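Working notes, structure below.
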Amino acid sequence: MDQPTDVIPNDGPAMPVHLLGHHLYEYSKGVRPMVMMTLSTRDADTVTRKLAEQFVDYHVQTVTEAKVNVFFGNAACVAMVRSVVRKPLNQLTPEEDFILGTLLGYDREQQCRRFLAMTQAGRSGAAA
Numbered sequence: 114m115d116q117p118t119d120v121i122p123n124d125g126p127a128m129p130v131h132l133l134g135h136h137l138y139e140y141s142k143g144v145r146p147m148v149m150m151t152l153s154t155r156d157a158d159t160v161t162r163k164l165a166e167q168f169v170d171y172h173v174q175t176v177t178e179a180k181v182n183v184f185f186g187n188a189a190c191v192a193m194v195r196s197v198v199r200k201p202l203n204q205l206t207p208e209e210d211f212i213l214g215t216l217l218g219y220d221r222e223q224q225c226r227r228f229l230a231m232t233q234a235g236r237s238g239a240a241a
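Counted from 1, the sequence shown has number 151 at position 38 by the working numbering; the numbering is strictly sequential.
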């Protein structure tokens, strides 16, 4: 299959840094109190350095050896993530998942529906 010639592979930090700028703009305008980006560990170093330079609180969660989730934004929200997100995201209880989704600014009604679906599907509601 023919590949487009104008597409540049993401071999460097340009795309994550570009997205970081967009997320920081939304955060600074109050659109969302917190953001999560899933990045390569190499890109995470660049992103966390820029966050530190701008005095934005952040938390890094390891996903794999090569990938991390970087949560950043409001200090209280990031502190909450540090206390709630202590395992892989797909292992969060319905309550933990609800809290995280709400902090990330996801639609509240959809979060309520997701919570109900998770509890009806039998996922444990007790924190581990």
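Where is the CB? At the ideal position from N, CA and C, for every residue including glycine. Quick caveat, the model's predicted, so the values are computed rather than measured.
Where residue 174 sits in the DSSP three-state scheme: In the sequence shown, residue 174 corresponds to position 61, counting from 1. In the three-state scheme derived from DSSP, where H, G and I count as helix and E and B as strand, residue 174 is classed as strand.
Extent of the continuous beta strand (DSSP E) to which residue 229 belongs: Mapped onto the sequence shown, residue 229 falls at position 116. The continuous stretches of beta strand (DSSP E) do not include residue 229, which lies in the alpha helix (DSSP H) extending over residues 221-233.
Limits of the unbroken beta strand (DSSP E) element including residue 151: Within the sequence shown, numbered from 1, the residue matching residue 151 stands at position 38. Taken as a continuous stretch (DSSP letters only), the beta strand (DSSP E) holding residue 151 covers 147-153.
Reduced DSSP secondary structure (H/G/I, E/B, other) of residue 130: Against the sequence shown, residue 130 aligns to sequence position 17. Residue 130 carries a helical assignment under DSSP once its states are collapsed to helix, strand and coil.
Limits of the beta strand (DSSP E) - the one that residue 211 falls within: Along the sequence shown, read from residue 1 onward, the residue named residue 211 stands at position 98. No beta strand (DSSP E) contains residue 211, which is instead part of the alpha helix (DSSP H) from 207-216.
Residue range of the unbroken beta strand (DSSP E) whose run includes residue 183: If you number the sequence shown from 1, residue 183 lands on position 70. If you look at residue 183, you'll find it in the beta strand (DSSP E) that goes 180-186.
For residue 154 and residue 199, the rounded distance between their alpha carbons: As a position in the sequence shown, residue 199 is number 86, starting the count at 1. As a position in the sequence shown, residue 154 is number 41, starting the count at 1. Cα-Cα distance, rounded: 18 Å.
Rounded straight-line distance, which links the Cα of residue 227 to that of residue 234: Numbered from its first residue, the sequence shown carries residue 234 at position 121. Numbered from its first residue, the sequence shown carries residue 227 at position 114. Rounded to the nearest angstrom, the two C-alpha atoms are 10 Å apart.
Spatial distance of residue 170 from residue 190 (CA atoms): In the sequence shown, counting from the first residue as 1, residue 170 sits at position 57. In the sequence shown, counting from the first residue as 1, residue 190 sits at position 77. Between residue 170 and residue 190, the C-alpha separation is close to 9 Å.
Separation of residue 148 from residue 214, as counted between CA atoms: Stepping through the sequence shown from its first residue, residue 214 is reached at position 101. Stepping through the sequence shown from its first residue, residue 148 is reached at position 35. The straight-line gap from Cα to Cα measures roughly 10 Å.
Three-way DSSP call (helix, strand, coil) for residue 167 in this model: Taking the first residue of the sequence shown as 1, we reach residue 167 at position 54. Residue 167 carries a coil assignment under DSSP once its states are collapsed to helix, strand and coil.
Inter-residue Cα distance where the pair is residue 229 and residue 152: Taking the first residue of the sequence shown as position 1, residue 229 is located at position 116. Taking the first residue of the sequence shown as position 1, residue 152 is located at position 39. Cα-Cα distance, rounded: 30 Å.
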